[in-house]
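Below you'll find the structure, written out as structure tokens, and then a few comments.
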Amino acid sequence: MRNLFALVISIIICSGCAEKTIDKLVLFDPGQHDAGLVKSANEDKISIEDGRVNISFEPGSEYSTVSFYPEAGTWDASDYRFVFCEIENLSEKQQLVELGFGDYDLTLGGTLLPPGEKKILKAIIYRTEHPAYIDSVFPVMHGKPDGALRGWMASTYSSIEYIKLLFPLAEKGDFVKVGQIWLEGEYELLSEDELREKYYPFVDEFGQYMYADWRDKIHSEEDLNIHDEKENQDLDDHPGSQDWNKYGGWETGPQLEVTGRFRVEKYDEKWWFVDPDGKLFWSHGLDCVEYGTQSQTRIDGCEQYFSYLPEEGSELYVDRIWRGNEYKMLSFHKVNLFRKYGESWRETSHDKLHKRMRSWGMNTIGNWSDSDIYLQDRTPYVLTAYTRKTGEIADPYADGFQEDLEASLMTREKELNDPWCLGVFVDNELKWGVKWAPKIPEQIQVATESQPAKLVFAERMKKQYGSIEALNESWSSSFAAWDGLLKNDKVIPGAAGDMREFMKEFTSLYYSSCRDAVKKVAPDLLYLGCRMDFHLYPEDTSLNYIIKLAADYCDVVSFNRYRYSSSELVPPDGGDYPIIIGEFHFGSLETGLLQPGLRYAADNDERAAFYEFFVGSALKNPYIVGTHWFQLVDQAVTGRPDGENYQAGFLTVGDVPQQEIIEKSREVGYNMYKIRSEGN
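Here our numbering is used: the first residue of the sequence shown is 1076, the next is one more, and so on.
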């Protein structure tokens, strides 16, 4: 009866993954529009013939971007969820094509186009604004039903000045044809009454979205066991690369000095890790390798979402503090593991995880992983550490900043001296100045007068200007005295130049303090930096000075990199040092999640193709020494406490492998040393 009810409701509501019926809206039709409405940022040759836009590439200093304009005014995509584009690659090599709206910095979708192939590129429309009642009904979900998807930054979907296609791989002589560009898939939200009366519950007993179906969805506990047996056979059939040593290093590759610890070294014009046995090592890994924490969702205040919850007091619940707030949490992934393995779920799943990693062609357990798993001397791992914040800032001027980090690291003595430990990330995505987050320079300006960095900045300004009047003239400010600068709680545009100079000092002190702390407690441990989220680099050069300062102190410079390609991630200004990618992913809407993730893929096959391309690009990049996918398991459909509910996993909440991406991970992982050494 429950399944019948869910079916009826799903028909009423319509799946969060399905496109509702609405006439498609053609925005650009080469058969009806003039070639003058198509413009290239470079000198690419544009013409229209036989209902197609012909683009012959002549790339300049930047990769080719071709924009399509309306005949008048702007386009309005408010009623739609997706944008499509017909495209054909007549080049002799593969093309990556990305689609975006106007001057919105982040593209909304992309596709990989082999030579001679035609495709329809599908992109998704993210919205940062929707009716207030939606947030009331779903307060902790980035992806909400019927296409209400939160993005990093607001896109101008209601007044699109132009649609752009980016061709990062295009070279002189390459040639593509573009057909229609259109909108499709209705964006129409249910009313608040409809949602409250008909929608709850929307999560089934296995933690899955009730109003959609997909291949490998769990419908019974028997399904859990069937999938488990099937996977066990698959793992036996694919035990891992025969070309690896116990660490996952290149067993048949060159023999370098044996030091007993991981290090980095440039060999044959490429940067590498070198494993404890002196073998070249490239870090192919997964973040959040654990069972429970990263797939947890908030329960208190959200009980109505769920058709099933364990009994009150069950050990499956966890009380957890997340960013200063305490929540009652539950991981349905852990619930499903308990259903499969009973009281031994932890030991069984931990053992299986190492087999999975090896089978999937992966040799590194990435950030935010479980020490009970990684301290088994079976798979190399990275250590996660944090500095102490003062106010909102990781402030290196605060008393005891370095000493506090040293003390924190000393509590991880096993990892510090473990040959299986690749290195340590300290902090994550500090807000150096990216567009979509608070910025340290602004946080310093508006901080309280006791903020150590603000006090130092004020002293620097006193020394530089001598008088408050001189500072006011330079900044166009109106402080009556120097204490006004300390009491100020506003961002002053005129201070930007001085703050930028101060940030060089701040950044050097931050990185040197972290480096010194790591090397004091563990001289042989690699310091891997703080995973900068500079997704717009290298096009945006405003934060290049941060990258260069990081390289002065880090053994490996780390980035989280949510883009379709990794080939353009190289040191600025001719620098030469190793880089590691701490996060990346692609997501679709094919496993019942309501938000694909930070980079959209049209389906799971496209998702897998992007994975192969991204890691393959990194292997061919002489600076990149590893990529770590975020994360092992899909996030909960109802979101973690900050709202993320992405299809980010190699596993579903039902503990089912997502086979398309796993096959590509094996393909690239088993062959990665050949690809890296030969560059193809």
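Cβ atoms here follow ideal geometry from the backbone N, Cα and C, with glycine treated the same way.
Only a predicted model underlies this, so the values are computations on that prediction, with no experimental measurement involved.
Please state whether the Cβ-Cβ distance between Ser1370 and His1429 is less than 7 Å. no
Using a Cβ-Cβ cutoff of less than 8 Å, which residues in the same chain neighbour Met1076 once the five nearest sequence positions on both sides are dropped? With a pLDDT of only 38 at Met1076, under 50, the local geometry of the prediction cannot be trusted, and no value is derived from it.
Quick one: grab the DSSP three-state call for Trp1435. coil
Helix, strand or coil, according to DSSP, for Lys1239 in the structure here? strand
Give the straight-line distance between the Cα atoms of Pro1276 and His1660, rounded to the nearest whole angstrom. 29 Å
Taking only three categories from DSSP, how would you classify Ser1752? helix
State buried or exposed for Gly1091, treating a residue as buried only when at least 16 other CB atoms are found within 10 Å of its CB. The predicted model places Gly1091 with a pLDDT of 42, which falls under 50 and marks its position as unreliable; any figure quoted below should be read in that light. The residue is buried, with at least 16 neighbouring Cβ atoms inside 10 Å.
Could you tell me which whole beta strand (DSSP E) segments of length 3 or greater appear in the stretch 1496-1531? 1496-1501
Ordered along the chain, which non-local residues of its own chain (more than five positions away) have a Cβ less than 6 Å from that of Ala1093? Because the pLDDT at Ala1093 is just 48, under 50, the model does not fix this residue reliably, and the point stays unresolved.
Among Trp1227, Leu1270, Lys1168, Pro1314, whose alpha-carbon lies nearest the alpha-carbon of Gly1248? Lys1168
Who are Lys1114's beta bridge partners in DSSP? Ser1142
Can you look up Phe1689 in the DSSP assignment and give me helix, strand or coil? helix
With DSSP collapsed to three states, give me the class of Arg1838. A query on residue 1838 cannot be resolved here, the shown segment of the chain reaching from 1076 to 1755 and no further.
Check Lys1321 in the structure and name its three-state DSSP category. coil
Contact check, Val1158 vs Leu1174 under 8 Å by CB: the rounded distance? 7 Å
Gly1718 vs Val1708 beta-carbon contact at 7 Å: no
Test item: CB-CB of Lys1749 and Tyr1686 under 7 Å: no
Checking the sheet assignment: what are the DSSP bridge partners for Trp1550? In the DSSP output, where bridge partners are listed per residue, Trp1550 has none listed.
Taking only the alpha-carbon atoms, compute the straight-line gap between Val1083 and Asp1678 and give it to the nearest angstrom. A caution first: Val1083 carries a pLDDT of 39, below 50, which makes its placement in the model too unreliable to give a value.
Rounded to whole angstroms, what's the CA-CA distance from Ala1224 to Val1731? Just pull it up for me. Note on identity: in this sequence residue 1224 is Leu, with Ala being the wrong assignment. Using only the alpha carbons, I get a separation of about 25 Å.
Separation of Ile1195 from Lys1120, as counted between CA atoms: 22 Å
Between Trp1347 and Leu1355, which are expected to be in contact by the criterion C-beta below 8 Å, what is the C-beta distance as a whole number of angstroms? 5 Å
Across the stretch 1204-1214 and the stretch 1094-1110, are there enough close Cβ pairs to call them in contact, namely three or more that are closer than 8 Å? no
Report all residues from its chain with a CB closer than 7 Å to the CB of Tyr1208; omit the five preceding and five following residues, and keep chain order. Glu1267
Rounded distance between the beta-carbons of Asp1279 and Ser1358, thought under 8 Å: Actually they do not touch by this definition, with Cβ atoms about 37 Å apart.
Segment contact flag, the stretch 1421-1440 with the stretch 1449-1457, C-beta cutoff 8 Å, min 3 pairs: yes
Looking only at DSSP bridge pairs, what is Phe1103 linked to? Ile1256
Spell out the partners DSSP gives Met1404 in its beta bridges. Arg1373, Val1393
Less than 7 Å between the C-beta atoms of Leu1584 and Pro1471, yes or no? yes
Euclidean distance between Cα positions of Ile1655 and Ala1528: 29 Å
Just confirm the distance between the C-beta atoms of His1302 and Asp1291, as a whole number of angstroms; I'd bet it's less than 8 Å. 7 Å
Let's test the definition: count the other Cβ atoms within 10 Å of the Cβ of Pro1206 and tell me whether it reaches 16, buried, or not, exposed. exposed
Starting from Ile1130 and walking both ways along the beta strand (DSSP E), at which residues does that stretch end? 1127-1131
Once you ignore the five residues that flank Ile1087 on each side, which residues in its own chain have a CB closer than 8 Å to its CB? Only weak support exists for where Ile1087 lies, its pLDDT of 39 falling under 50; the coordinates are left without a value.
Answer yes or no: do Gly1184 and Lys1197 have a C-beta to C-beta separation smaller than 7 Å? yes
Where does Met1574 land, buried or exposed, given buried means 16+ other C-beta within 10 angstroms? buried
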